[in-house]
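When the sequence shown is numbered by this note's numbering, its final residue is 150 and no position is left out of the sequence of numbers. Only one structure is covered here, and it is reproduced in the block below.
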Amino acid sequence: MSRVDFYHLQKQGLDEVLPKLLEKAYATGKKIVVKIGTEERVDFLNALLWTYNDQSFLPHGTHKDGNAELQPIWLTAENENPNQAAFLFLVDGADADNNFLSGFERIFNIFDGNNPDALQQARQFWKNLKTSGNECFYWQQDDAGKWSQK
């Protein structure tokens, strides 16, 4: 069973939140896979992670970069774990079945709480995971943009 953290975006968008969460996860020394809803968004987030902060660096790659096994952070739209990551981030509506999820010790599901479809998908994913015996935790932003567990 995996630990699954749901991050309900309300005050900030994914473009602001994802780099910060990846920085914290990367600081643990564990490898990361970021599964993204579409290939177009893989390209967008790849570019974003190179430019989001000129004072910070998140080493990452995609299929276009190659050498997946050497990448600390791997961005993909596929169910894959080529860098043997311990952490999985699901963003932009990406989903995964229990078989794929079981290969990770921790999963971060980041969803847009202002999008009714994303909210419904997150609720259904929560129910499926709880039924499967996973530990689920829910995080929501306050007015200052800080995360608190609900």
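For glycine and all other residues, C-beta sits at the position ideal for the given N, C-alpha and C.
Problem - Residues near histidine 8 by beta carbon distance below 6 Å, same chain, minus five either side - result: Result list for histidine 8: Gly113 and Gln140, in chain order.
Problem - Inter-residue Cα distance where the pair is glutamate 80 and asparagine 115 - result: The straight-line gap from Cα to Cα measures roughly 27 Å.
Practice task
Quick one: which unbroken beta strand (DSSP E) runs of 3-plus residues sit fully inside the segment 8-77? Chain order, please.
Solution key: Here the runs fully enclosed are 32-36 and 73-76.
Practice task
Using the Cα positions of isoleucine 107 and cysteine 136, report the straight-line distance between them to the nearest angstrom.
Solution key: Their backbone Cα atoms lie some 9 Å apart in a straight line.
Handout entry: Neighbour-count burial assignment, tryptophan 50, 16 or more Cβ in a 10 Å radius
Key = Exposed.
Practice task
Give a yes or no on whether the C-beta atoms belonging to glutamine 121 and glycine 93 are separated by under 8 Å.
Solution key: Taking 8 Å as the Cβ cut-off, glutamine 121 and glycine 93 qualify as a contacting pair.
Problem - Assigned exposure category for threonine 131 - 16 Cβ within 10 Å defines buried - result: With fewer than 16 other Cβ atoms inside 10 Å of its own Cβ, threonine 131 counts as exposed.
Exercise for the section: Give the secondary structure of aspartate 92 by DSSP, where H, G and I count as helix, E and B as strand, and everything else as coil. Expected result: Three-state DSSP puts aspartate 92 in coil, outside helix and strand.
Handout entry: Under 8 Å between C-beta atoms of lysine 11 and glycine 145
Key = Contact flag set, yes.
Problem - Supposed close pair aspartate 166, leucine 48 - CB separation, criterion 8 Å - result: Here the chain covers residues 1 to 150 and nothing more, so residue 166 does not appear.
Exercise for the section: List the DSSP bridge partners of asparagine 109. Expected result: Answer is Phe6 and Leu90, bridged to asparagine 109.
Practice task
State the DSSP-derived secondary structure class of glutamine 124, mapped to helix, strand or coil.
Solution key: DSSP, read as helix, strand or coil, puts glutamine 124 in helix.
Exercise for the section: Compare the beta carbon distance of isoleucine 36 and leucine 58 with 8 Å and say whether it is the shorter of the two. Expected result: In this structure, isoleucine 36 sits away from leucine 58, with a CB-CB distance that is not shorter than 8 Å.
Problem - N-terminal and C-terminal residue of the beta strand (DSSP E) that phenylalanine 137 is part of - result: Its beta strand (DSSP E) spans residues 135-141.
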